Every structure is written in C-alpha cells, then in structure tokens.
Amino acid sequence: MAKITVTDQEALDYHEFPQPGKISVETTKPVATQKDLSLAYTPGVAVPCLAIEKNPDDAYRYTAKSNLVAVISNGTAVLGLGNIGALASKPVMEGKGVLFKSFSGLDSFDIEVDTESVDRFCSVVTAIAPTFGGINLEDIKAPECFEIERRLIEELDIPVMHDDQHGTAVISAAAIINACKITQRKIETLKIVVVGAGAAAISCARLYRHIGVKTIYMIDSKGVVHSGRSDLNDFKREFCASRYMSHSEVFEGTDVVVGLSRPGTFNIEDIKRMAENPIVFTLANPTPEIFPDDVIEARPDAIIATGRSDFDNQVNNVLGFPFIFRGAMDVRAKKINIEMKVAAAYALAELAREEVPEYLNTLYGKKIEFGRDYIIPKPFDKRLVVEISSAVALAAIESGSSKMQDFDIKAYKKELKKRVK
0 MAKITVTDQE
10 ALDYHEFPQP
20 GKISVETTKP
30 VATQKDLSLA
40 YTPGVAVPCL
50 AIEKNPDDAY
60 RYTAKSNLVA
70 VISNGTAVLG
80 LGNIGALASK
90 PVMEGKGVLF
100 KSFSGLDSFD
110 IEVDTESVDR
120 FCSVVTAIAP
130 TFGGINLEDI
140 KAPECFEIER
150 RLIEELDIPV
160 MHDDQHGTAV
170 ISAAAIINAC
180 KITQRKIETL
190 KIVVVGAGAA
200 AISCARLYRH
210 IGVKTIYMID
220 SKGVVHSGRS
230 DLNDFKREFC
240 ASRYMSHSEV
250 FEGTDVVVGL
260 SRPGTFNIED
270 IKRMAENPIV
280 FTLANPTPEI
290 FPDDVIEARP
300 DAIIATGRSD
310 FDNQVNNVLG
320 FPFIFRGAMD
330 VRAKKINIEM
340 KVAAAYALAE
350 LAREEVPEYL
360 NTLYGKKIEF
370 GRDYIIPKPF
380 DKRLVVEISS
390 AVALAAIESG
400 SSKMQDFDIK
410 AYKKELKKRV
420 K
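The opening position of the sequence shown corresponds to residue 0 in numbering that gives the first Met the number 0, with each subsequent residue numbered one higher.
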C-alpha cells in the first residue's frame, strides 16, 4: 500500500481552518419560536429537573447523558510525544471525540485536567462524572494510570476505561487469535514476549492470559523481567520469569512478540530466533520497533502488524473503544469488565474472517481477504458498530455488569444498523 504523507503545515492548517479545532456542539431540539425557548429553558426545563431529582435514572431519559462520553487526560503520556502537559494534549483529545462521533455516534466532551496528582485527578473526574454516561481516560502515564483507573472504576457507577491500556489489548488479542488460526497454533501453547512494560503492555499481557495464553515474558528497559530483580513494581511482578534470562534467550522459539516500546528495543537477530511463522507485532508509534519490510526480508514466513495506517494489519484502537463504549452505555453497564473486553476481541477476530464488503475493497484499492495481510478488520468497516457493540452489550448483561432485563440482541443489532451511514 502506498504511504500517505502529511506535511507539518497541512496538519496545522487542518486544525486551524475554517475554524480552530475539530469539534463543536450541536443542538438536538428546535429553538425557533418562543414556545421552543420556553421548553428548552425556563420555565419548561424545571419539569425534567424535578423528575431527575426524584429519580436519578431519568437523567438518561431527559438529558444527553446516555450518549455522552468524557475524554479525559492530564497529558502525561501523549501518543509518541510523552509528557507534554494537559493543554498540549487537547488536539489529541478533540481527535478522540471525532472518532467517537464518526465511528459509533457517541458524543463527547474533551476535558484536560492540569495535574499529575492521582488524588486531585480522581477528585476532579469523580466530581464531574454525573454529566456523562461513560469516562474514557486517555494518555495518562504508568504507573499512575493503573491507580487512577482502579479508583474511578470503584467509585463510579458508569463505564470507565483507560483506552491506552485496554484498547490496544483488545485489538492485539483479536489479531493474535486470527494469526493462530492461520498458522494452526493453539492459544494455550503460545510463547509470547511483550517488549515494554508500560500501561498498554501490562494490560495486553493480562488480556492474553484471559484468552488462554499461559507463557508470557516481559522485557522492560533493563532487560527481561524476572524474580531475581529488586526494582520491579507490582504490575511487572505479575509477569516475572522464574529465573534470570538473557534478551536473546527469551526470544528463542518464541511464537509471538508484541512490541509496545520504542524503535530498536528488539532487532532482526531476535526475529530470526523465533519459531516458524513468527507473529511479529511492532506497535511503537509513529516509528515501529522494526519496520515490516525489514522483518519480511529476514523472515518471509512472518505475520506482521504495526500501529501505523500505512501498513497492513494496523492495530488501531479505533477498532475498539467507540464500540466498547457504545455497547456498554446502551445497556447502562456499571463497569467495563474483563468479560466485555474478551467478547470484543473475539467479535473482532470473527468479523475479520467474514467476507469483506465490496465498498472496503474499493476504498482500499484491492481485494481484501482473511489471511496473513488481513487478520483484523479495517477501521472503515461499517459492520464494526453492529458486531462489536452487540457482543459487548451481551457480555455486560451475561456477566452482571448490566441489570437490563429482557435484552433482545437481534432488535439491538437492527437498531445499530440504522446508525450506519
């Protein structure tokens, strides 16, 4: 696929013209007459206010809460940019709002919280949570992100998810499931090496365990994570090797490597040590740990995924978060639990194995078929909102995260299809 390049000036112009930013607020009710004004504001607005005072759940009936997500960050771990601060993170958070609206129809407000204090951040989010039907945490550095997410999940009764952790986990898990089908591997016999030990790496490794992977090694900036080290936090200790292992040794016979680090943290010699038909995910962005062309030159039998849109098999979080929140919020789930994330991963994997609609072949300029170059769906597949959201909604109900009664999944899928443009 031809690479699409964007100049710095094009990016700045896109964000500045014809008006600054990427999002705006639209009204959903008419305000064209005096009566409209009386209904929209005083005195008519007092009626739903009093109804909500008596029954808080009526906020889902009379306000935008049921379709409104907060995209919240403190800007401490932004894309490949690092700790650039809350204000500088705003273009990314606005972009996340664009993706929510474009792919799942969910509205959002971006909220940049100018603090690195876990206590203050959680206090702010908890205080504003009544406005929203869901909280999408974004670009918060580890290990603080784990504690922030844990506290907010515990304190709030609406779905909370740190997408940098769980979005990557869900999409990459789906890719692993399908790569195993192609290479005739069993999930439970996989040996996986995760390069990186930040938020996404920990979440990915945890989800891989939930889908059945038993052997996972982790490499951080100081080498293989093992029980003999005294510098490990509690999250890394979950994935300790029982003994010291060298970098080279851990790659010997490995089935899958998942790079969630930076360029150069593993190399071609490591890829050569891997098992037949190695599954190589070089997900550092914007520059992968190793470029796909270099992997293929050394290992023509490899299945490769990256985080970039200009290569096949992009592990793109937009395949997950819009539809996970859509499904969770539509059934008023209290939490986004592990069952819902696993359901999303398997639904994604299954969708990639189905026949691809012709509009996608036209859009991408080639015939797309399940195989080594297509193990996860394309972002513009209109079936995503139907299949992933419905799988998440059903898992929420079956796992007890939602108390919705008499859920009709067929009717829900029909409703979702109406939203596809």
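Ideal Cβ placement from N, Cα and C applies to all residues, glycine included.
Everything numeric in this text was worked out from a predicted model, so none of it was measured.
Alpha carbon to alpha carbon, how far is VAL428 from SER107? Missing from the structure shown is residue 428; the chain here goes from 0 to 420 and no further.
Helix, strand or coil for ASN82 per DSSP? The count along the sequence shown starts at 1 and reaches residue 82 at position 83. Judged by DSSP in its simplified three-state form, ASN82 adopts coil rather than helix or strand.
Under 8 Å between the Cβ atoms of VAL123 and ILE147? Residue numbering aside, residue 123 sits at position 124 when the sequence shown is read from its first letter. Residue numbering aside, residue 147 sits at position 148 when the sequence shown is read from its first letter. For VAL123 and ILE147, no; Cβs fall outside 8 Å.
My guess is that ILE337 and ILE323 are in contact by the Cβ rule of under 8 Å, so how many angstroms apart are they, rounded? Translated into the one-based positions of the sequence shown, residue 337 becomes position 338. Translated into the one-based positions of the sequence shown, residue 323 becomes position 324. Going by Cβ atoms, the distance from ILE337 to ILE323 rounds to 12 Å, so no, they are not a contact pair.
So, helix, strand or coil for GLY370, using DSSP? To locate residue 370, count along the sequence shown from 1; it is residue 371. Correct three-state label for GLY370: strand.
How do the region 401-419 and the region 351-362 stand: do at least 3 beta-carbon pairs fall below 8 Å, yes or no? no
Endpoints, alpha helix (DSSP H) assigned at MET339: Taking the sequence shown and counting its residues from 1, the one referred to as residue 339 is at position 340. 337-351 is the extent of the alpha helix (DSSP H) around MET339.
Assuming ALA128 contacts ILE152 (C-beta within less than 8 Å), just tell me the rounded distance between them. Residue 128 sits at position 129 when you count from the first residue of the sequence shown. Residue 152 sits at position 153 when you count from the first residue of the sequence shown. ALA128 to ILE152, Cβ: 12 Å. No contact.
What separation, rounded to the nearest whole angstrom, lies between the Cα atoms of MET328 and ASP138? Counted from its first residue, the sequence shown places residue 328 at position 329. Counted from its first residue, the sequence shown places residue 138 at position 139. Put simply, the backbone Cα of MET328 is about 22 Å away from that of ASP138.
Would you call the region 67-77 and the region 94-109 in contact, with 3 or more CB pairs under 8 Å? Three or more Cβ pairs drawn from the region 67-77 and the region 94-109 lie within less than 8 Å of each other, which places the two stretches in contact.
As a quick exercise: from HIS246, GLY370 and ARG261, pick the residue whose alpha carbon is nearest that of ASP300. Position 301 of the sequence shown, counting from 1, holds the residue named residue 300. Of HIS246, GLY370 and ARG261, the residue nearest in Cα terms is GLY370.
In the DSSP output, which residue or residues are listed as bridge partners for ILE191? Position 192 of the sequence shown, counted from the first residue, corresponds to residue 191. Paired residues: ILE215 and VAL255.
CA-CA distance, GLN33 and VAL44? The sequence position of residue 33 within the sequence shown is 34, counting from 1. The sequence position of residue 44 within the sequence shown is 45, counting from 1. Cα to Cα, GLN33 sits roughly 14 Å from VAL44.
Distance between PHE131 and ASP56 (C-alpha atoms, nearest Å): For the purposes of this step, residue 56 is taken as residue 57 along the sequence shown, with counting starting at 1. For the purposes of this step, residue 131 is taken as residue 132 along the sequence shown, with counting starting at 1. Between ASP56 and PHE131, the C-alpha separation is close to 12 Å.
GLY133 (DSSP reduced to helix, strand or coil): Start at 1 with the first residue of the sequence shown, and residue 133 comes out as number 134. It is a strand residue.
Does the separation of the CB atoms of PHE265 and VAL255 fall below 8 Å? Walking along the sequence shown from the start, residue 265 turns up at place 266. Walking along the sequence shown from the start, residue 255 turns up at place 256. No, the Cβ-Cβ distance between PHE265 and VAL255 is not below 8 Å.
Looking only at its own chain, which residues have a Cβ that is under 8 Å from the Cβ of VAL314, when we skip the five neighbours before and after it? Working through the sequence shown from its first residue, we reach residue 314 at position 315. The answer, listed in chain order, is THR167, ILE170, SER171, ALA174, PHE280, LEU282, ALA304, THR305, GLY306 and ILE375.
Measure the alpha-carbon distance for ASP35 versus LYS53 and round it to whole angstroms. Taking the first residue of the sequence shown as 1, we reach residue 35 at position 36. Taking the first residue of the sequence shown as 1, we reach residue 53 at position 54. Each residue's Cα considered, the two are about 25 Å apart.
May I ask you to report which of helix, strand or coil DSSP gives THR4? Taking the sequence shown and counting its residues from 1, one reaches residue 4 at position 5. It is coil, neither helix nor strand.
Identify the continuous alpha helix (DSSP H) that holds ALA423 and give its terminal residues. The requested residue 423 does not occur in the structure, where the chain is confined to residues 0 to 420.
From GLY258, SER308 and VAL317, residue whose alpha carbon lies closest to that of ILE289: Here residue 289 is taken as the residue at index 290 of the sequence shown, counted from 1. Considering only alpha carbons, the answer is GLY258.
So what does GLY222 bridge to, in DSSP terms? The residue given as residue 222 occupies position 223 in the sequence shown. According to DSSP, which records beta bridges pairwise, GLY222 is partnered with ASP219.
Determine the DSSP secondary structure at LEU67, reduced to helix, strand or coil. For the purposes of this step, residue 67 is taken as the residue at position 68 of the sequence shown. In this structure, LEU67 counts as strand in the three-state DSSP scheme.
How many angstroms separate the CA atom of ILE201 from the CA atom of PHE234? Within the sequence shown, the letter at position 202 stands for residue 201. Within the sequence shown, the letter at position 235 stands for residue 234. So the alpha carbons of these two residues sit roughly 7 Å apart.
For PRO291, does the count of other Cβ atoms within 10 angstroms reach 16, so buried, or fall short, so exposed? For the purposes of this step, residue 291 is taken as the residue at position 292 of the sequence shown. Buried is the call here.
Which full runs of the alpha helix (DSSP H) of 4+ residues lie inside the region 136-172, going along the chain? 143-154
Is it buried or exposed for CYS48, if we count other Cβ within 10 angstroms and need 16 for buried? Taking the first residue of the sequence shown as 1, we reach residue 48 at position 49. By the 10 Å Cβ count, CYS48 comes out exposed.
Would you mind working out which of LYS221, GLY399, ALA392 and ILE51 sits nearest ALA410, comparing C-alpha positions? Position 411 of the sequence shown, counting from 1, holds the residue named residue 410. Nearest option by C-alpha distance: ALA392.
Is it buried or exposed, ASP163, if we count other Cβ atoms within 10 angstroms and call 16 or more buried? Here residue 163 is taken as the residue at index 164 of the sequence shown, counted from 1. ASP163 should be labelled buried.
Near VAL419, which residues of its chain fall below 6 Å by C-beta distance, leaving aside the five closest residues on each side in sequence? Reading the sequence shown from its first residue, position 420 is the one you call residue 419. Cβ within range, chain order: LYS381.
Kindly list the residues whose CB is nearer than 8 Å to the CB of LEU350, restricted to its own chain and excluding five residues on each side of it in sequence; keep chain order. Translated into the one-based positions of the sequence shown, residue 350 becomes position 351. So the list reads PRO376, ASP380, ARG382, LEU383, GLU386 and ILE387, once near-sequence residues are dropped.
Among the residues of its own chain, which have a CB less than 7 Å from the CB of ASN284, if the five just before and after it don't count? The residue you call residue 284 lines up with position 285 of the sequence shown. Around ASN284: LEU78, GLY79, GLY306 and ARG307.
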